[in-house]
Amino acid sequence: MHYRDFAKQILLGESLEDKLLAVSHVDFTEKIESFDLPTNPGRSSKLKFDNEQTKFPRSASFHLEEKRGLALHFFANHELLAIEMMAAAMLMYPDLNREMLQFKKGLYKTILDEQKHLKLYISRMAEFKIELGNFPLNDFFWRSMEKMKTASQFYSGMAMTFESANLDFAQFYEKSFREVEDFKTANIMKVVLEDEISHVALGAHWLNQWRGDKTLWEYYRANIPGVMTPARAKGIGFDRDIRSRVGLPEDFINELDNFRDEFKVTNRKNW
Numbered sequence: 092m093h094y095r096d097f098a099k100q101i102l103l104g105e106s107l108e109d110k111l112l113a114v115s116h117v118d119f120t121e122k123i124e125s126f127d128l129p130t131n132p133g134r135s136s137k138l139k140f141d142n143e144q145t146k147f148p149r150s151a152s153f154h155l156e157e158k159r160g161l162a163l164h165f166f167a168n169h170e171l172l173a174i175e176m177m178a179a180a181m182l183m184y185p186d187l188n189r190e191m192l193q194f195k196k197g198l199y200k201t202i203l204d205e206q207k208h209l210k211l212y213i214s215r216m217a218e219f220k221i222e223l224g225n226f227p228l229n230d231f232f233w234r235s236m237e238k239m240k241t242a243s244q245f246y247s248g249m250a251m252t253f254e255s256a257n258l259d260f261a262q263f264y265e266k267s268f269r270e271v272e273d274f275k276t277a278n279i280m281k282v283v284l285e286d287e288i289s290h291v292a293l294g295a296h297w298l299n300q301w302r303g304d305k306t307l308w309e310y311y312r313a314n315i316p317g318v319m320t321p322a323r324a325k326g327i328g329f330d331r332d333i334r335s336r337v338g339l340p341e342d343f344i345n346e347l348d349n350f351r352d353e354f355k356v357t358n359r360k361n362w
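The numbering of the sequence shown is our numbering, which starts it at 92 and goes up by one.
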């Protein structure tokens with residue numbers, strides 16, 4: 092299957108089977124073909140975006156099985172959104188050279204990780220008697236996709252911001268699940284964390300390839316899309332050491348650590 096057909100089925104297909112598409116071989120030969128980003132990814136009625144708001148449960152409520160299940164429902168939607176956005180990125184940015192084909196091979200490998208995470212979440216949710224779509228699914232991450240006009244903007248937003256924040260969030264929630272002796276869910280978060288390290292490293296690799304004489308921080312700031320800010324690249328309890336494991340330079344880590352604005356989510360006192 093050509094990579095474009097693979098990505099189209101994931102992005103435009105409506106079922107979970109489409110989103111979790113697995114093929115034995117993907118062809119990465121050049122194919123110049125225009126693609127217009129759809130307003131929304133294809134989703135069945137149960138998986139469609141919903142404007143109704145559901146609050147993420149506090150970690151203090153995780154002794155309740157239904158609250159842990161609700162948290163996993165949020166995480167599963169994030170994974171589904173990541174799969175769809177990466178499929179869109181494989182289609183949006185033209186095959187101008189061999190470098191772009193390598194870029195898309197990296198996206199393909201990352202999609203496989205995100206599919207693995209989604210399956211882990213869905214399986215664990217089923218043990219809590221919850222299915223994906225039982226609660227409203229938000230489109231926040233998807234709305235940022237239209238602002239990612241270039242590959243550098245995509246990786247600045249996806250890997251260096253959203254997935255960077257998960258370096259902190261995954262650790263926090265792994266610990267939170269362990270505290271209520273839900274070791275099975277905690278171990279899922281550990282798997283997610285290890286994969287996020289490689290995803291952020293891949294994003295940093297490509298920004299380093301493209302940044303020219305700018306520092307990584309300067310290039311990241313110049314390419315972070317829309318109204319997004321580096322504040323979103325941090326989760327709960329900023330972990331400098333794990334970002335060193337990623338391979339981010341110390342000056343970048345310092346800038347991110349010290350960055351402050353009005354973004355309220357990670358300034359909350361109670362999680």
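Glycine included, every Cβ here is placed at the ideal spot set by N, Cα and C. None of these values were measured; they are calculated from a predicted model.
In summary, Lys195 is buried, with 16 or more beta-carbon neighbours lying within 10 Å of its beta-carbon over all protein chains present. Counting other Cβ atoms within 10 Å of its Cβ, Asn257 reaches 16 or more and is therefore classed as buried. Secondary structure note for His169: its alpha helix (DSSP H) is the uninterrupted segment Glu156 to Met183. Arg189 sits exposed, since fewer than 16 C-beta atoms from the chains shown fall within 10 Å of its C-beta. Looking at the DSSP output, Phe350 sits in no beta bridge, so it has no partner there. Taking a cut-off of 8 Å for Cβ pairs, the region 148-159 and the region 248-262 do not touch, as fewer than three such pairs fall below it.
For Met280, the uninterrupted alpha helix (DSSP H) run begins and ends at Phe274 to Trp301, by DSSP.
Cβ contact annotation for Arg269 (same chain, cutoff 6 Å, sequence separation greater than five): Ala277, in chain order. When the beta-carbon positions are compared, Ile288 and Val337 come within less than 8 Å of each other. Between Leu211 and Leu111, the alpha-carbon positions lie close to 12 Å from each other. For Ala295, the closest alpha carbon among the candidates Val283, Ala162, Arg234 and Tyr311 is that of Tyr311. Taken atom to atom, the span from the alpha-carbon of Met249 to that of Ser135 is near 25 Å. Spatial neighbours of Asp348 in its own chain (CB-CB distance under 6 Å, excluding positions within 5 residues in sequence) are listed in chain order as Phe329. The beta carbon of Asn168 is closer than 8 Å to those of Leu223, Leu228 and Asn229 in its chain, skipping five residues each way along the sequence. Here Leu128 has Ala179, Met183, Met236 and Glu237 as same chain residues with Cβ atoms under 7 Å from its own Cβ, once five neighbours each way along the sequence are excluded. Counting C-beta atoms within 10 angstroms of its own C-beta, Asn314 has 16 or more neighbours from the protein chains shown and is therefore classed as buried. Scanning Arg159, Ser267 and Phe245 for the CA closest to the CA of Glu218 turns up Arg159.
Distance between Thr145 and Ile327, taken at the CA atoms: about 20 Å. Per DSSP, Asp204 is one residue of the alpha helix (DSSP H) stretching across Arg189 to Glu218. Residue state for Asp186 is assigned as coil, using DSSP reduced to three classes.
Bounds of the alpha helix (DSSP H) holding Val337 are Arg331 to Val337. Met176 is a Cβ neighbour of Phe232, given a cutoff of 8 Å. In the DSSP assignment, Asp118 is bridged to His93.
A Cβ-Cβ contact shorter than 8 Å links Glu121 with Asp186. In this model, Thr201 and Lys207 are separated by some 10 Å (Cα to Cα). Sorting Trp297, Ala324, Gly317 and Phe226 by C-alpha distance to the C-alpha of Asn142 places Phe226 at the top.
For the 8 Å CB-CB criterion, Ala324 and Thr241 do not form a contact.
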